[in-house]
Amino acid sequence: MWVMFLLTGCGDSMPEDELVNRGASRMENDGDDLQASSFPFLNMEEEYQKKREFYTLPELKKEVEELLGDHYWPEVDMSKEELERLTGISEDMYVDFLAEKQSLDSHIDTMIIIHAKEDYVEAVEQAMEKYRSKIIEENYKYPQNLGKARASRMEIIDDYVCFVQLGADTTAVADKGSDAVTAYCLEENERALYVLEKAILE
Numbered sequence: 001m002w003v004m005f006l007l008t009g010c011g012d013s014m015p016e017d018e019l020v021n022r023g024a025s026r027m028e029n030d031g032d033d034l035q036a037s038s039f040p041f042l043n044m045e046e047e048y049q050k051k052r053e054f055y056t057l058p059e060l061k062k063e064v065e066e067l068l069g070d071h072y073w074p075e076v077d078m079s080k081e082e083l084e085r086l087t088g089i090s091e092d093m094y095v096d097f098l099a100e101k102q103s104l105d106s107h108i109d110t111m112i113i114i115h116a117k118e119d120y121v122e123a124v125e126q127a128m129e130k131y132r133s134k135i136i137e138e139n140y141k142y143p144q145n146l147g148k149a150r151a152s153r154m155e156i157i158d159d160y161v162c163f164v165q166l167g168a169d170t171t172a173v174a175d176k177g178s179d180a181v182t183a184y185c186l187e188e189n190e191r192a193l194y195v196l197e198k199a200i201l202e
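Quick note, the sequence shown lines up with residues 1 to 202 if you use the numbering used here.
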């Protein structure tokens, strides 16, 4: 598809026979030393894949932080041991992970991004669903957190399993009830997932 497009574009300003002759002449001059890099358009897909493969998790976090600003409250990194203890997701299931929570256990703002191994995407998804259900159940006795827990979202974006439980300060809507808190936090989580999806899939 790329070759046809480029040849068509060049054909407007250069006769087809001259274009072919130039290409043949170049191949004769370069001989066996001719590399794919001699034709930059052939490397575009490869460069795109490299960008995707090496997109770092801290860069994804930065996108969310820049969006939410002071409303991004997770501040403490989870270790791989803590991640496994809380979610059941073990080191052999992922390429890399980023998990942050608040320093006080009574505060539950959390973001977890798992770059899952291809064969483990579904297993990581199921583990995160169980973790989300557990968080909701544990906070039934803490009304100030229940709305935030219910608003948490988990989404698969390519091989990334993203869990967001954000919302920061909910005091402005707390007097309107748990449903109002849920709606407020859900909006923040949707915003976070939007920038994550945009960054991962771009």
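Note that CB positions come from ideal geometry on N, CA and C, so glycine has one too.
Coarse secondary structure for residue i, derived from DSSP in three states
i, result
"Y72", "coil"
"D159", "coil"
"Q126", "helix"
"I89", "coil"
"A151", "coil"
"L98", "strand"
Straight-line Cα distance separating residue j from residue i
i, j, result
"E187", "V121", "26 Å"
"I253", "D105", "For residue 253 there is no data in the structure shown, the boundaries of the chain being 1 and 202."
"E91", "D175", "42 Å"
"L201", "P58", "16 Å"
"V164", "D70", "16 Å"
"Y142", "S133", "15 Å"
Assigned exposure category for residue i - 16 Cβ within 10 Å defines buried
i, result
"K62", "exposed"
"L98", "buried"
"R85", "exposed"
"T171", "exposed"
"S152", "buried"
Residue from the options with nearest C-alpha to residue i
i, options, result
"E100", "E91, A183 and V64", "V64"
"L166", "K117, C185 and S133", "C185"
"A168", "I157, T56 and E75", "E75"
Residues of its chain near residue i, where Cβ-Cβ distance is below 6 Å and the 5 sequence neighbours each way are ignored
i, result
"C162", "I113, E155 and L196"
Proximal residues to residue i (C-beta, below 8 Å), its chain only, five neighbours per side dropped
i, result
"R191", "L67 and L68"
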